[in-house]
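*Asks:* Residue numbers (our numbering): 11 to 182.
Ideal placement from N, C-alpha and C gives every residue a C-beta, glycine not left out.
The following block contains the structure, expressed as structure tokens.
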């Protein structure tokens with residue numbers, strides 16, 4: 011079973027509790043075990059986990075590094091990616107890509123790939139999120155870009171809310 015669990019925040023409630031309960035795993039023991047293993051990681055970071063359940067109801071827990079998108083958004087200083095294809099949500103440098111690739115290369119799924127392949131993969135993920143990869147970044151210009159971006163995001167949130175309300179009126 012694969013799932014995302016926030017670091018040091020595993021709780022017996024939904025969605026994790028029912029997922030583990032139907033497989034016969036002791037939820038309290040699992041949460042305590044998971045929270046103990048992730049106590050050194052910043053609380054709330056989404057961690058991909060693989061849980062192998064054995065026939066005797068014991069389990070093997072494998073915790074991977076946070077998703078690449080999380081690292082890319084953190085490096086760009088943004089909360090959400092682009093909503094539309096050609097939109098630029100943020101910018102990061104090649105050095106950021108290199109650092110993130112080094113972290114992600116430690117994941118068992120990427121151990122066999124070269125650092126160059128992992129970097130290319132990170133650039134692809136950044137593009138899909140609307141994050142532009144540049145050689146160097148001027149902090150003042152980027153600060154101005156983020157301020158302008160904040161107004162765009164607010165406008166998009168307003169549009170989404172209006173669409174939701176319009177849909178509710180049609181179905182209600």
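1. Between the alpha carbons of residue 111 and residue 103, how many angstroms are there, rounded?
2. Is residue 74 near residue 119, with beta carbons less than 9 angstroms apart?
3. Are three or more beta carbon pairs between the stretch 131-146 and the stretch 77-92 nearer than 8 angstroms?
4. According to the Cβ coordinates, are residue 16 and residue 57 closer than 9 angstroms?
5. With H, G and I counted as helix, E and B as strand and the rest as coil, what does DSSP make of residue 98?
6. Out of 91, 82 and 139, which has the shortest C-alpha to C-alpha gap to residue 105?
7. Could you check whether residue 156 and residue 87 sit closer than 9 angstroms to each other, using their CB atoms as the reference points?
8. Between residue 125 and residue 139, what straight-line distance do the alpha-carbon atoms span, to the nearest angstrom?
9. Where DSSP assigns a beta bridge to residue 58, which residues make up the other side?
10. Just confirm the distance between the C-beta atoms of residue 37 and residue 22, as a whole number of angstroms; I'd bet it's less than 8 angstroms.
11. So, are the CB atoms of residue 61 and residue 35 less than 9 angstroms apart?
12. Please state whether DSSP places residue 122 in a helix, a strand or coil.
13. By the 10 Å Cβ neighbour count, where 16 or more other Cβ atoms means buried, how is residue 67 classified, buried or exposed?
14. With burial defined as no fewer than 16 other Cβ atoms inside 10 Å of the residue's Cβ, what is the status of residue 128: buried or exposed?
15. So, using beta-carbon positions, are residue 141 and residue 100 closer together than 9 angstroms?
16. Which ranges would you report for the alpha helix (DSSP H) in the stretch 72-116 if only whole runs of at least 4 residues count?
17. Using 10 angstroms around the beta-carbon of residue 48, count the other beta-carbons present and answer buried if the total reaches 16, otherwise exposed.
*Replies:* Let me spell this out:
1. 13 angstroms
2. yes
3. yes
4. yes
5. coil
6. 82
7. yes
8. 21 angstroms
9. 14
10. 5 angstroms
11. yes
12. coil
13. exposed
14. buried
15. yes
16. 78-86 and 104-114
17. buried
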